[in-house]
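Asks: Chains as they are written, first to last, in our numbering: chain A, 6 to 458; chain B, 46 to 487.
Here it is, the structure, as structure tokens.
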Amino acid sequence: MRGMLALVLGLFAVVSLAEDLIHEYKLENGLKLIVKEDHRAPIMVSQVWYKVGSSYEHDGITGVSHVLEHMMFKGTKAVPSGEFSQIIAENGGSENAFTSQDYTAYFQTMEKSRLPVSFELEADRMRNLTIPDEEFLKEVQVVMEERRMRTEDNPQSLTYEQFNATAYASSPYRLPVIGWMDDLENLQVGDLRDWYQKWYAPNNATLVVVGDVDPEDVYAQAKKYFGPLKPSEISPAKPRLEIAQRGRKEIKVEAPAKLPYLMMGYKTPVVLTAEQSWEPYALEVLAGILDGGDGARLASELVRGKAVAASAGAGYDGHDRMDSLFLLSGTPSNGHTVKDLEKALTEQVQRLRESSAEAEELDRVKAQLRADKVYEQDSIFYQAMQIGILETVGLSWKDAERYLERIEAVTAEQVRAVANKYLVPDRLTVAELVPQPIDTDQPPRTAGAAHVH
Amino acid sequence: MVRCSHLFLIVIVLIWSTAARALPEIQSWTTKKGAKVLFVEAHELPMVDIRLVFDAGSARDGKQSGVASLSNALLGQGAAGLSADEIAQGFEQKGAKLGNGSERDMAWLSLRSLTDSKLLQPSLELFGKVLAEPDFPKADFKREQQRMLIGLEYQKQKPKSIGSKAFYHDLYGDHPYSSDPSGTTGTVKALSAKDLRDFYRQYYVARNAMVVIVGDLSRKQAQLVAADLADALPEGDKAPALPDVAELDAGKADYIEHPSSQSHVLMGAPGIRRGDPDYFQLYVGNHILGGSGLVSRISKEIREKRGLSYSAYSYFVPMRREGPYLLGFQTRNDQRDEALSVLRDTVQTFIDKGPAEKELESAKNNIIGGFPLKVSSNGKIAEYLAVIGFYDLPLDYLARFTGNIQAVTVEQIQDAYKRRVHPDRMVTITVGGPVEPDDSGS
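Here it is, written out as structure tokens:
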């Protein structure tokens with residue numbers, strides 16, 4: 006789960022899908038099925054996307070969506086704990102699951118004839134999960150280990166987590182996907198059963214299949230396995246809009262680390278919430294002007310040029326479910342401070358507000374997006390992922406079709422306009438990682454009775 | 046074969062016949078100056094992946110640890126009089142992607158481009174300059190050297206990186222595999238632009254190169270591309286053979302204190318080389334022991350049964366010489382001794398008793414059934430070709446892969462493990478926080 010920055014940048018690469026290769030169906034119980042044909046290799050990926058994630062959670066049960074994702078491998082009446090993965094493995098499949106703020110998804114990639122194996126198992130665990138107490142008690146420990154590995158012992162992740170918790174006041178995007186440690190320690194098996202009952206149903210899910218398949222056949226198999234499942238009454242999540250920010254926010258995060266780190270985020274709308282429909286696309290192009298490759302402004306001017314940054318990045322994801330953040334981040338180079346880096350990044354933002362980007366820069370951003378559209382077709386997994394995200398946040402796979410033309414339509418003036426409207430101090434949150442000592446220069450100490458060299 | 050419940054009895058007829066169709070057809074030739082080329086035609090998408098692979102990884106560093114990585118990193122930072130900006134923007138204007146990287150054995154430079162000739166031609170020309178005419182400008186060298194030093198600091202805040210460096214160091218002693226590709230603060234600081242240029246001149250030569258091409262080109266076009274790129278390099282010499290790797294003669298355990306809530310534990314010893322006679326037996330054996338994710342024995346024992354770790358695993362890293370066999374996990378500091386003893390028991394039991402027939406059958410089903418996934422995209426095929434070409438594996442390596450897996454027996458796995466895997470002569474590295482004396486035995 007999570008790879009957040011990677012995802013932001015990944016999504017910046019736009020899709021355009023050949024419309025005649027995509028087929029959309031709806032089962033009577035409300036399950037949506039989207040099939041995309043890709044006949045290059047005799048394989049397929051099947052993904053089930055649920056409209057639930059950490060942005061559906063509230064204080065006290067943070068992390069419940071992700072723990073439930075883990076418990077989805079812990080058995081139903083028909084398929085006892087551990088057998089799901091065993092069956093997929095025996096069928097030559099690779100499988101996993103991931104949870105984000107806006108979704109929880111499960112996937113199997115398999116040789117194409119194995120589609121029914123995937124469907125039968127996924128349909129079963131959509132409604133028949135048992136969530137045994139003893140399995141829960143073990144698995145929540147595994148999740149706490151996951152949190153230690155990803156967050157507690159990773160100073161940049163810790164900074165990101167606290168940055169989010171500061172930037173957002175009322176939006177559930179302030180909650181960490183993996184959950185606060187204290188909430189994990191106090192999570193009850195009943196919380197999981199309630200969460201499962203509340204969100205896991207065919208009418209709250211989208212099934213996406215991409216690969217060497219016949220759409221009508223996939224539809225028939227979907228009806229066979231998922232068709233009998235009963236729908237639930239799903240109460241939609243409340244809006245929980247972010248309150249208007251009134252002034253710049255700033256925090257320092259102290260953690261054992263060797264390097265300082267800076268994160269800056271401006272509150273921005275997304276495709277679903279923007280007042281003007283072109284704004285999110287202008288923000289994506291703006292992100293490309295700053296960080297669309299090694300020739301873009303941040304690499305060219307801050308990493309090279311002034312050499313104030315050892316690394317610097319910018320990212321924006323217009324496909325979140327709710328208002329989100331335009332992010333800037335980086336590590337200062339030797340001889341420079343976080344303040345120097347912040348000043349340099351702020352000057353970059355200021356320049357975008359004051360003067361229009363060069364035509365040549367815009368062309369370069371767009372040329373890369375056009376090429377990425379072709380490159381991403383080399384991965385069936387990525388193609389399925391694009392469809393799943395769009396459908397699950399409340400957009401349509403068809404938005405991917407129009408994405409490139411909307412990007413192409415963005416003008417230099419529009420980029421300047423969104424910079425002036427959104428990249429302003431009142432919308433800004435800044436987090437600085439202040440390294441605390443680690444004593445790694447000591448030589449290893451030989452333990453136990455073994456030989457010393 | 047879908048064993049388990051009634052629910053799945055009728056599921057599926059077992060036919061892997063389609064796997065054959067998935068096989069990429071590899072074409073191969075050698076350029077005038079002696080670079081081997083591996084090519085797979087793939088016309089479904091209007092794109093091409095090109096990769097030049099050199100025997101120029103950190104195993105060639107000598108005393109200048111880090112010189113291979115830094116030389117490689119400088120390639121796109123100034124060439125044929127063009128600046129780093131001009132190079133990066135030149136590729137980006139055409140939607141092309143320049144890539145580079147280096148490990149212990151190999152170093153590479155890659156290009157992904159659309160095959161529309163208005164885009165491909167200028168990108169290829171630029172790529173040729175980056176490859177054959179790098180300038181190693183002093184200012185760019187200084188900057189990248191500083192960035193590499195910062196990268197080293199970054200690694201020092203990650204327990205996993207700290208552990209991995211200590212592990213290779215203890216495993217390989219005086220062997221070139223001992224040092225980390227990113228060097229040390231001392232060795233990187235000591236490098237000069239001239240050192241990089243010298244390294245480049247010795248190792249980035251045609252006889253020490255191989256070319257991978259996958260994509261929407263004809264054989265003829267691919268031949269021209271390969272010749273233009275590789276034959277622009279001087280002929281040079283192939284890098285000399287690396288020294289043999291010595292087996293460890295005793296076990297060794299190191300503890301490195303780090304202010305983390307978890308301990309990262311890494312255990313292992315030199316394992317197998319590419320083309321190793323025991324390769325398939327050990328590969329399938331390890332798949333059962335710790336290489337198949339949640340269903341492997343190590344993961345079942347440490348994670349599924351006891352909830353001790355998010356990730357517990359084992360894997361071989363086959364290299365030119367014996368790459369490491371690595372077994373590991375991370376867990377809360379006070380649980381590390383318990384988890385380590387479970388890991389040791391699991392490995393010892395596997396060596397003593399071998400895998401069950403049923404486990405072997407499941408592993409074969411997974412590996413053979415999953416084979417089409419391994420060669421399902423241009424990107425993945427290009428990765429495979431680089432390995433096959435660089436390590437001189439037979440061109441029918443992929444065609445024979447499933448047959449080689451199928452032929453492995455329980456007895457062969459047990460025999461290979463008994464001969465090659467010795468838990469009493471392994472290195473164990475622990476990186477983590479201190480434990481209160483009364484809740485740990487260490």
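Yeah, the Cβ is synthetic: ideal placement off N, Cα and C, and Gly gets one too.
All of these numbers come straight from a predicted model, not from anything done at the bench.
Using only alpha-carbon positions, find the residue among A:Leu295, A:Asp368, A:Val370 that is nearest to A:Arg358.
Replies: Of the candidates A:Leu295, A:Asp368, A:Val370, the one whose C-alpha sits nearest the C-alpha of A:Arg358 is A:Leu295.
Asks: Report yes or no: is there a C-beta of chain B within less than 9 Å of the C-beta of A:Ala304?
Replies: It does; some Cβ of chain B falls within 9 Å.
Asks: Spell out whether any CB of chain B is found under 9 Å from the CB atom of A:Gln382.
Replies: Yes, A:Gln382 counts as interfacial toward chain B.
Asks: Please classify A:Lys82 as buried or exposed, where buried requires at least 16 neighbouring CB atoms within 10 angstroms.
Replies: Exposed.
Asks: Under 9 Å, Cβ to Cβ, is there at least one residue of chain A near B:Gln166?
Replies: Not one chain A Cβ lies under 9 Å of B:Gln166.
Asks: Check whether chain B comes within 9 Å of A:Ala417, counting only Cβ atoms and requiring the distance to be less than that.
Replies: Chain B contact via Cβ: absent.
Asks: Just to confirm my understanding: we take B:Met312, look at its own chain, exclude 5 residues before and 5 after, and list those with CB closer than 6 Å. What are they?
Replies: Around B:Met312: Leu372, Met471, Thr473.
Asks: Excluding five sequence neighbours on each side, which residues of the same chain lie with their C-beta closer than 7 Å to the C-beta of A:Arg245?
Replies: Once the five neighbours on either side are set aside, the close Cβ partners of A:Arg245 are Ser175, Ser176, Pro177.
Asks: Against B:Ser421, what residues of chain A qualify as contacts under a CB-to-CB distance less than 8 Å, listed in chain order?
Replies: Those within 8 Å of B:Ser421 in chain A are Arg45, Ala46, Ile48, Ile385.
Asks: Along chain B, which residues have their Cβ under 7 Å away from the Cβ of A:Asp158?
Replies: By Cβ distance, chain B contributes Pro204, Ser305, Ser306, Gln307.
Asks: Could you name the residues that DSSP lists as bridge partners for B:Arg377?
Replies: In the DSSP output, where bridge partners are listed per residue, B:Arg377 has B:Gln307.
Asks: For chain A, find out if any of its Cβ atoms is closer than 9 Å to the Cβ of B:Ser209; answer yes or no.
Replies: No - not a single Cβ of chain A is within 9 Å of the one on B:Ser209.
Asks: Quick check on the burial criterion: 16 or more other C-beta atoms within 10 angstroms. Buried or exposed for B:Pro221?
Replies: That one is buried.
Asks: Would you say B:Phe416 lies against chain A (beta-carbon separation less than 9 Å)?
Replies: Closer than 9 Å: yes.
Asks: Could you tell me how far apart the beta carbons of A:Ala389 and A:Val213 are, in whole angstroms, since I believe they sit closer than 8 Å?
Replies: Their Cβ separation, rounded to whole angstroms, is 5 Å, which keeps A:Ala389 and A:Val213 in contact under 8 Å.
Asks: Assign B:Arg66 to one of two classes, buried (16 or more other C-beta atoms within 10 Å of its C-beta) or exposed (fewer than that).
Replies: Caution applies to B:Arg66, whose pLDDT of 46 falls short of 50 and renders its modelled position unreliable; the value that the coordinates give is listed next. The residue in question, B:Arg66, is exposed, as its Cβ has fewer than 16 Cβ neighbours within 10 Å.
Asks: Quick one: is A:Asn339 buried, meaning 16 or more other Cβ sit within 10 Å of its Cβ, or exposed?
Replies: Per the 10 Å Cβ criterion, exposed.
Asks: Quick one: complete alpha helix (DSSP H) runs, 4+ long, within the segment 373-432 of chain A?
Replies: Counting whole runs of 4 or more residues, the segment 373-432 of chain A contains the alpha helix (DSSP H) stretches 385-398, 402-413, 417-427.
Asks: Among B:Glu456, B:Pro204, B:Gly448, B:Leu197, which one has its Cα closest to the Cα of B:Ile413?
Replies: It is B:Gly448.
Asks: If you follow the alpha helix (DSSP H) that B:Gln190 is in, where does it begin and where does it stop?
Replies: Its alpha helix (DSSP H) spans residues 183-201.
Asks: Measure the CB-CB distance between B:Val392 and B:Ser359 and report whether it falls below 9 Å.
Replies: It is a contact, given that the beta carbons lie within the stated cut-off.
Asks: Comparing alpha-carbon positions, which option in B:Lys205, B:Ala452, B:Gly123 lies nearest B:Phe325?
Replies: Among B:Lys205, B:Ala452, B:Gly123, the Cα nearest to that of B:Phe325 is on B:Ala452.
Asks: Enumerate in chain order the residues of its own chain whose CB-to-CB distance from A:Leu438 is below 7 Å, with the five nearest sequence positions on each side excluded.
Replies: Excluding positions up to five away in sequence, the list reads Pro160, Gln161, Thr164, Val258, Ala260, Ala262, Pro265, Tyr266.
Asks: Less than 9 Å separating the beta-carbons of A:Thr273 and A:Tyr427?
Replies: Yes, Cβ-Cβ distance for A:Thr273 and A:Tyr427 is below 9 Å.
Asks: Can you list, in chain order, the residues of its chain with a C-beta nearer than 8 Å to that of A:Pro337? Leave out the 5 residues immediately preceding and following it.
Replies: Pro265, Leu267, Val313, Ala314, Ala315, Val343, Asp345, Leu346, listed in sequence order.
Asks: Relative to the alpha-carbon of B:Leu418, which residue among A:Leu36, A:Asp43, A:Ile48, A:Asn209 has its alpha-carbon at the smallest distance?
Replies: Comparing Cα-Cα distances from B:Leu418 to each of A:Leu36, A:Asp43, A:Ile48, A:Asn209, the minimum goes to A:Ile48.
Asks: Any beta-carbon of chain A closer than 9 Å to the one on B:Val250?
Replies: No, B:Val250 lies away from the interface with chain A (no Cβ there is under 9 Å from its Cβ).
Asks: At a CB distance below 7 Å, what residues from the segment 377-408 of chain B approach chain A? Give them in sequence order.
Replies: Hits within the stretch, in order: Arg377, Ser407.
Asks: Does the beta carbon of A:Phe168 sit closer than 9 Å to a beta carbon anywhere in chain B?
Replies: By this cut-off, A:Phe168 is not an interface position.
Asks: So B:Ser306 and B:Arg377 are in contact, right, with Cβ under 8 Å, and what is the actual spacing, rounded?
Replies: Indeed they touch by this definition, with Cβ atoms about 7 Å apart.
Asks: Have a look at B:Ser356 and B:Ser344 and give me their C-alpha separation to the nearest angstrom.
Replies: Using only the alpha carbons, I get a separation of about 7 Å.
Asks: Does the beta-carbon of B:Gln190 have 16 or more other beta-carbons within 10 angstroms, so that it is buried, or is it exposed?
Replies: Counting Cβ neighbours within 10 Å, B:Gln190 comes out buried, since at least 16 surround it.
Asks: With 9 Å set as the bound, which would you pick, yes or no: does the beta-carbon of B:Gly126 sit closer than that to a beta-carbon of chain A?
Replies: Answer no: the Cβ-Cβ gap between B:Gly126 and chain A never drops below 9 Å.
Asks: State yes or no: is the C-beta of B:Phe84 within less than 9 Å of the C-beta of B:Arg264?
Replies: Yes; because the gap between Cβ atoms is below 9 Å, this pair is in contact.
Asks: Looking only at DSSP bridge pairs, what is B:Ser40 linked to?
Replies: It is not possible to answer for residue 40 of chain B, since the shown part of chain B is limited to 46 through 487.
Asks: For B:Pro417, is the beta carbon positioned less than 8 Å from some heavy atom of the ligand ADP?
Replies: Summarising the ligand content, the structure contains no ligands, and the ligand ADP is consequently not present.
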